[in-house]
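Novice: Residue numbers (this note's numbering), protein chains in the order written: chain A, 222 to 753; chain B, 4 to 78; chain C, 58 to 396.
Just so it is clear, CB atoms sit at the ideal spot from N, CA and C, and this is done for glycine as well.
Note that the structure is predicted; figures quoted are calculated from it, not measured.
My questions all concern the structure below.
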Amino acid sequence: MLFTSYEFVAFICLAFLLYYLVPKKAQWALLLLASYGFYAFSGLSNLIFIVSTTLVTWGVGLWVSKIRRASESYLAIHKEDLTKEEKKAYKAKEKKKSFSVLCLGLAVGFGILAVIKYTGFALSNVNSILGTFGVEQKLSIPDFILPLGISFYIFQSMGYLIDVYRGRAEAEKNIAKFALFVSFFPQLIQGPISRHSDLAPQLYGEHSFNGSAFFSGLQRMAWGYFKKLVIADRILVGMKTILGDTAEYRGAWALLLILAYSVEIYADFTGGIDITIGIAECFGIKLKENFNHPFTSKSTKEYWNRWHITMGSWFTDYIFYPLSVCRPMQSISKKSRKLFGNAIGKRIPVYIATIVTWFLTGLWHGAAWNFIVWGLLNCLVILVSQELEPLYQKFRKAFPRLSSSKPYGAFMAARTFLLMGFIRSLDCYRDVPTTFSMWLSVFTVGNYGELFSGKMAEVGFDAANVIIIVLATATVCLVNALLVKKGCDLRQSLADKPFLSYSLFALVIVAIIIFGAYGAGYDASDFIYGQF
Amino acid sequence: MEELLEILGELHPDVDFETTDGLIDDGILDSLDMVTLITEINERLDVSIPPEEIIPENFNSADALWALIEKLDEI
Amino acid sequence: MKKKIIAAVCAVLLAAVLLFATHLLVMPKYIENPEGRLVGEYYSQAGDNDVLFLGDCEVYESFVPAVLWEKYGISSYVRGSSQQLIWQSYYLLEEMMEKETPKAVVFNVYAMKYGEPQNEAYNRMTLDGMKWSSSKVGAINASMTEDESLVDYVFPILRFHSRISQLTADDFKYFLGAPEVSDSGYLMQTAVRPMTTTRTGDDLFDYNLPSVSFEYLDKMRELCEKKGAELILIKAPTNHWKFWWYDEWDKQISDYADESGLDYINFIPLCEEIGIDWSQDTYDEGMHLNVSGAEKLTDYFGKMLSEKYAVPDRRGESELSSAWQTRVDKYYERKNTEK
Numbered sequence: 222m223l224f225t226s227y228e229f230v231a232f233i234c235l236a237f238l239l240y241y242l243v244p245k246k247a248q249w250a251l252l253l254l255a256s257y258g259f260y261a262f263s264g265l266s267n268l269i270f271i272v273s274t275t276l277v278t279w280g281v282g283l284w285v286s287k288i289r290r291a292s293e294s295y296l297a298i299h300k301e302d303l304t305k306e307e308k309k310a311y312k313a314k315e316k317k318k319s320f321s322v323l324c325l326g327l328a329v330g331f332g333i334l335a336v337i338k339y340t341g342f343a344l345s346n347v348n349s350i351l352g353t354f355g356v357e358q359k360l361s362i363p364d365f366i367l368p369l370g371i372s373f374y375i376f377q378s379m380g381y382l383i384d385v386y387r388g389r390a391e392a393e394k395n396i397a398k399f400a401l402f403v404s405f406f407p408q409l410i411q412g413p414i415s416r417h418s419d420l421a422p423q424l425y426g427e428h429s430f431n432g433s434a435f436f437s438g439l440q441r442m443a444w445g446y447f448k449k450l451v452i453a454d455r456i457l458v459g460m461k462t463i464l465g466d467t468a469e470y471r472g473a474w475a476l477l478l479i480l481a482y483s484v485e486i487y488a489d490f491t492g493g494i495d496i497t498i499g500i501a502e503c504f505g506i507k508l509k510e511n512f513n514h515p516f517t518s519k520s521t522k523e524y525w526n527r528w529h530i531t532m533g534s535w536f537t538d539y540i541f542y543p544l545s546v547c548r549p550m551q552s553i554s555k556k557s558r559k560l561f562g563n564a565i566g567k568r569i570p571v572y573i574a575t576i577v578t579w580f581l582t583g584l585w586h587g588a589a590w591n592f593i594v595w596g597l598l599n600c601l602v603i604l605v606s607q608e609l610e611p612l613y614q615k616f617r618k619a620f621p622r623l624s625s626s627k628p629y630g631a632f633m634a635a636r637t638f639l640l641m642g643f644i645r646s647l648d649c650y651r652d653v654p655t656t657f658s659m660w661l662s663v664f665t666v667g668n669y670g671e672l673f674s675g676k677m678a679e680v681g682f683d684a685a686n687v688i689i690i691v692l693a694t695a696t697v698c699l700v701n702a703l704l705v706k707k708g709c710d711l712r713q714s715l716a717d718k719p720f721l722s723y724s725l726f727a728l729v730i731v732a733i734i735i736f737g738a739y740g741a742g743y744d745a746s747d748f749i750y751g752q753f
Numbered sequence: 004m005e006e007l008l009e010i011l012g013e014l015h016p017d018v019d020f021e022t023t024d025g026l027i028d029d030g031i032l033d034s035l036d037m038v039t040l041i042t043e044i045n046e047r048l049d050v051s052i053p054p055e056e057i058i059p060e061n062f063n064s065a066d067a068l069w070a071l072i073e074k075l076d077e078i
Numbered sequence: 058m059k060k061k062i063i064a065a066v067c068a069v070l071l072a073a074v075l076l077f078a079t080h081l082l083v084m085p086k087y088i089e090n091p092e093g094r095l096v097g098e099y100y101s102q103a104g105d106n107d108v109l110f111l112g113d114c115e116v117y118e119s120f121v122p123a124v125l126w127e128k129y130g131i132s133s134y135v136r137g138s139s140q141q142l143i144w145q146s147y148y149l150l151e152e153m154m155e156k157e158t159p160k161a162v163v164f165n166v167y168a169m170k171y172g173e174p175q176n177e178a179y180n181r182m183t184l185d186g187m188k189w190s191s192s193k194v195g196a197i198n199a200s201m202t203e204d205e206s207l208v209d210y211v212f213p214i215l216r217f218h219s220r221i222s223q224l225t226a227d228d229f230k231y232f233l234g235a236p237e238v239s240d241s242g243y244l245m246q247t248a249v250r251p252m253t254t255t256r257t258g259d260d261l262f263d264y265n266l267p268s269v270s271f272e273y274l275d276k277m278r279e280l281c282e283k284k285g286a287e288l289i290l291i292k293a294p295t296n297h298w299k300f301w302w303y304d305e306w307d308k309q310i311s312d313y314a315d316e317s318g319l320d321y322i323n324f325i326p327l328c329e330e331i332g333i334d335w336s337q338d339t340y341d342e343g344m345h346l347n348v349s350g351a352e353k354l355t356d357y358f359g360k361m362l363s364e365k366y367a368v369p370d371r372r373g374e375s376e377l378s379s380a381w382q383t384r385v386d387k388y389y390e391r392k393n394t395e396k
């Protein structure tokens, strides 16, 4: 079910109603029912994957927890009669045991994801390699349809396992409750990726109906729908035309695409997350924010702290840090410091960890080379910026007033926006060489006059459409500026002005109905992350 | 604690780690530093800092870091 | 708390007003293609019609109720629309039969060649004009193409909101309504473009008319029986290859008519007798009749209705007479201005 479908609107109204009618103790059960119902709608056969992931993760989580608790109680009992070394050795042995069990769970979880998502990609690469060696027989490539949300719920479950291993999360004994954690429907389409210790207590807790909190959630949902339907889906119409003919639409059109896509994915992704968080809010559940004014970022590093935050922190906590401080890495670091000196030596673990993390981040986005290249390019920019940091510091020391001035800040934000926009366009063109040639054409093909001709209307960016997009985007920028300035929840400050807040809400709904790019005359489009 | 201050001093000689906090929040220590720090602490203090402890609260000041090390060392 | 309720009510009213105004603005006015207005114009003449015509463009451009009244005192309405499909004809009939007790129901059988939903735009032109009733719901459900949904008909703004960026002067001019385009459902065409082609229809792969069409024909027949109306099947006169009436289809209809005891009149071979001159009486090269052709055909058929089917002459009724006089006057006014 798309968020932007009549079925979903009916579904969510029913879910809200039932949630506050059933006894509070059963609210989590209703959410489980709703989540599985939502999931089944996407295809009954897909259920097998989420069910098996749930079962395995639940089982492994309990096992790991059991080992841990046994170890703790053993140490507590023998606190006095063991030496420090003996205790350390015992602890290490038990940790190794639970680590093996953890790895079993991770292997199954990531294994399911790998097989379904990446088999086709892996095999087609093998075929290419075979082809270069002149091998005729090619492997047949299976065509798996990605089950809804698999990239999200597997990551969320694996994060849970690792947290249990680390003692950061309590293993869940109730399998039905755990099933809800894995399948909580608002998160299935595009996250956010939650941590068990944050989400679980809220998910299983009892929630009384609170009118203003519920309305607050509705406001957030409405805002999300506004961004998605009025801005994102409207831009998509023109984008599709430009992408459909890369020979025709180069140069200025490529730049237009880059800018349009930046706005489109912002509106689509943050809009979808607004709907997700809004829905959860209506259930009395607070999900973590996934965006924090990303286009105000002055550097790529900052951007990745503001964009798709829960994915970034997942990769940092579960891939980057473990990888960079694990024993093998530490010994590599030691050896390379001996061989190449401190400067290079201390960089090696960080570089390796960063490159691997970004490679995996790219791969997570999709089973195709353009995603991997996207990840590695982001990585390149970050590492280069890191290396240039001493230079930047010198610049800031030499020109303190300039470097802290607003125009310079704006310049840095614009530069970051464009850089991220260019790299991100790999998502659109899908083919890496094509994308590179498009980037080049931006600077070499001087057809900027075409943008002011009737061709814009042909593409789908006629005057009326552009006006609506611009006005809607300006509204979003205004609201964002207010959110940044006020530093507090905009909805809170409206809470005691019912005439204003209810009327604004009504206006947003009206705007969605009138200016939303849905129905005949536009193409329905999935959220871009829908099949992750 | 002295050993820790020594390790920190080797990373950034110009910073007074006894009195400074906000080491993470103010960007004094970056991820390169973190990784080196953890490696050194593991080698010289024989305390291995697990990844889940790599959070700003534990690294924002020398005192916080020392408290973490003591906690991990104790069984 | 009270403040909140009042604020909520105000907000809802605000939304309702804005949405309603937008609805009026974006609903197609069908000024360029007036056939979209036909179905809705019925309600100004609902009730007390002795003959009801149903069908597609062949019906609403061929029969002139003003002439039926003027020459024979017959009160009639042409409830036709563009590409009106048989199930739409059935449901329109069902709707009208709630209030009407006609002596005859005349159905043009050309649409029977369509057994499946065809085209969203034509659906809209036929269905949006209907007032809400169980018949309208039935018609919508039977007509919807794959991409359509009932919600879009209940709230047409959901379908037509995209027109907000394509508004024309007409949308503002006719915001609150437009003058009637038809004369009791007859859409007047005054141009003359003679028929030049003698080409016949292309061969078909399958000449069987869809069985679902006969199912609906049965329903129409049963409904007419129940209401004591005579169902007359007709085929309007067209000789153009684009609207070719195949002998095979003709046979299937006349077989059905024989079996069911209905009358079936194919006007195509009667064109000479009626006096239709394809160089004068058509506005689109032989696909449809213009006003001169329609008047001839109506005169001919009116005689049949009056004599054979005993549809009463009601010129003696004063109220009905004066209502019809107004309509007849409008008809001639339109005829004179459009010339």
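Shorter than 7 Å from the beta carbon of residue 719 (chain A) to some beta carbon of chain C?
Specialist: For residue 719 (chain A), the answer is yes, since a Cβ of chain C falls inside 7 Å of its Cβ.
Novice: Does the Cβ of residue 616 (chain A) have 16 or more other Cβ atoms within 10 Å, making it buried, or fewer, making it exposed?
Specialist: The residue in question, residue 616 (chain A), is exposed, as its Cβ has fewer than 16 Cβ neighbours within 10 Å.
Novice: Verify the CB distance criterion: does residue 740 (chain A) have a CB-CB separation below 7 Å to chain C?
Specialist: Interface residue, yes.
Novice: So what does DSSP say about residue 391 (chain C), is it helix, strand or coil?
Specialist: Helix at residue 391 (chain C).
Novice: Roughly how many angstroms lie between the CA atoms of residue 10 (chain B) and residue 44 (chain B), to the nearest whole one?
Specialist: When rounded, the distance between both Cα atoms is 8 Å.
Novice: I'd like the span of the beta strand (DSSP E) that includes residue 161 (chain C), first residue to last.
Specialist: Residues 161 to 165.
Novice: Hey, is residue 325 (chain C) close to the ligand SAM, as in C-beta under 6 Å from one of its heavy atoms?
Specialist: For the structure depicted, the ligand SAM is absent and the ligand set is empty, with no information on it obtainable.
Novice: Relative to chain A, which residues along the region 208 to 219 of chain C have a C-beta separation below 8 Å, given in chain order?
Specialist: Listed in sequence order: 208, 209, 214, 215, 216, 218 and 219.
Novice: Where does residue 752 (chain A) sit, in a helix, a strand or coil, going by DSSP?
Specialist: For residue 752 (chain A), the predicted model reports a pLDDT of 33, less than 50, meaning its position is unreliable and no value from the coordinates is stated.
Novice: Within the 7 Å Cβ cut-off, does residue 79 (chain C) reach chain E?
Specialist: Looking for chain E here will not work: the only protein chains present are A, B and C.
Novice: In whole angstroms, what separates the C-alpha of residue 372 (chain A) from that of residue 379 (chain A)?
Specialist: Rounded to the nearest angstrom, the two C-alpha atoms are 11 Å apart.
Novice: Whole angstroms are fine: how far does the CA of residue 470 (chain A) sit from the CA of residue 629 (chain A)?
Specialist: Cα to Cα, residue 629 (chain A) sits roughly 33 Å from residue 470 (chain A).
Novice: Whose Cβ in chain A lies nearer than 9 Å to the Cβ of residue 59 (chain B)?
Specialist: Going along chain A, no residue has its Cβ under 9 Å from residue 59 (chain B), so there is no contact; the nearest lies around 12 Å.
Novice: List the residues that DSSP assigns as beta-bridge partners of residue 176 (chain C).
Specialist: Beta-bridge pairing links residue 176 (chain C) to no other residue.
Novice: Please report the residue range of the beta strand (DSSP E) in which residue 471 (chain A) lies.
Specialist: Looking at the DSSP string, residue 471 (chain A) is not in any beta strand (DSSP E), and its letter there is neither H nor E.
Novice: Hey, is residue 543 (chain A)'s beta-carbon within less than 7 Å of any beta-carbon in chain B?
Specialist: It does: the Cβ of residue 543 (chain A) has a partner Cβ on chain B nearer than 7 Å.
Novice: In angstroms with no decimal places, state the Cα-to-Cα distance between residue 120 (chain C) and residue 180 (chain C).
Specialist: Approximately 22 Å between the Cα atoms of the pair.
Novice: Using CA atoms only, rank isn't needed, just tell me which of C:168, C:226 and C:194 is closest to residue 152 (chain C).
Specialist: Nearest option by C-alpha distance: C:194.
Novice: Going by beta-carbon coordinates alone, are residue 444 (chain A) and residue 489 (chain A) separated by less than 7 Å?
Specialist: No, the Cβ-Cβ distance between residue 444 (chain A) and residue 489 (chain A) is not below 7 Å.
Novice: In the region 309 to 380 of chain C, which residue ranges form an unbroken alpha helix (DSSP H) of at least 4 residues, counting only runs that do not cross its ends?
Specialist: 328 to 331 and 348 to 364, all fully within the region 309 to 380 of chain C.
Novice: Which residues does DSSP pair with residue 108 (chain C) in a beta bridge?
Specialist: According to DSSP, residue 108 (chain C) bridges with C:133 and C:161.
Novice: Does residue 221 (chain C) have its Cβ less than 7 Å from a Cβ in chain A?
Specialist: So yes, residue 221 (chain C) belongs to the interface.
Novice: Are the C-beta atoms of residue 387 (chain A) and some chain B residue less than 7 Å apart?
Specialist: True, the Cβ-Cβ gap to chain B drops below 7 Å.
Novice: Could you give the uninterrupted runs of the alpha helix (DSSP H) lying entirely in the region 404 to 455 of chain A, keeping only those of 4 residues or more?
Specialist: Counting only runs of 4 or more, we get 417 to 425 and 432 to 446.
Novice: Grab me the residues of residue 747 (chain A)'s own chain with a C-beta within less than 8 Å of its C-beta, minus the 5 sequence neighbours each way, in chain order.
Specialist: With a pLDDT of only 35 at residue 747 (chain A), under 50, the local geometry of the prediction cannot be trusted, and the value read off the model is given with reservation. So the list reads 223, once near-sequence residues are dropped.
Novice: If you reduce the DSSP assignment to three classes, tell me which class residue 512 (chain A) lands in.
Specialist: Residue 512 (chain A): strand per DSSP, three-state reduction.
Novice: Quick one: does residue 679 (chain A) have its CB under 7 Å from some CB of chain C?
Specialist: So, not an interface residue.
Novice: Would residue 653 (chain A) pass as a contact of residue 594 (chain A) if the rule is Cβ separation under 7 Å?
Specialist: Yes; because the gap between Cβ atoms is below 7 Å, this pair is in contact.
Novice: Are the Cβ atoms of residue 139 (chain C) and residue 107 (chain C) separated by less than 7 Å?
Specialist: No. Outside cutoff.
Novice: Indicate whether residue 552 (chain A) and residue 570 (chain A) have their beta-carbon atoms separated by less than 7 Å.
Specialist: No, the Cβ-Cβ distance between residue 552 (chain A) and residue 570 (chain A) is not below 7 Å.
Novice: Do residue 363 (chain C) and residue 129 (chain C) have their C-beta atoms within less than 7 Å of each other?
Specialist: Going by C-beta atoms, residue 363 (chain C) is nearer than 7 Å to residue 129 (chain C).
Novice: When the Cα atoms are used, what is the spatial distance from residue 322 (chain A) to residue 285 (chain A)?
Specialist: Roughly 6 Å separates the two Cα atoms.
Novice: My output table needs one value for residue 288 (chain C): the three-state DSSP class, helix, strand or coil.
Specialist: Reduced to three states, the DSSP call for residue 288 (chain C) is strand.
Novice: Give the range of the alpha helix (DSSP H) segment to which residue 522 (chain A) is assigned.
Specialist: Taken as a continuous stretch (DSSP letters only), the alpha helix (DSSP H) holding residue 522 (chain A) covers 521 to 527.
Novice: Taking just the CA atoms, how far does residue 167 (chain C) sit from residue 227 (chain A)?
Specialist: Rounded to the nearest angstrom, the two C-alpha atoms are 36 Å apart.
Novice: Have a look at C:175, C:232, C:320 and C:76 and flag the residue whose alpha-carbon is nearest the alpha-carbon of residue 290 (chain C).
Specialist: Residue C:320 is the option with its Cα nearest to residue 290 (chain C).
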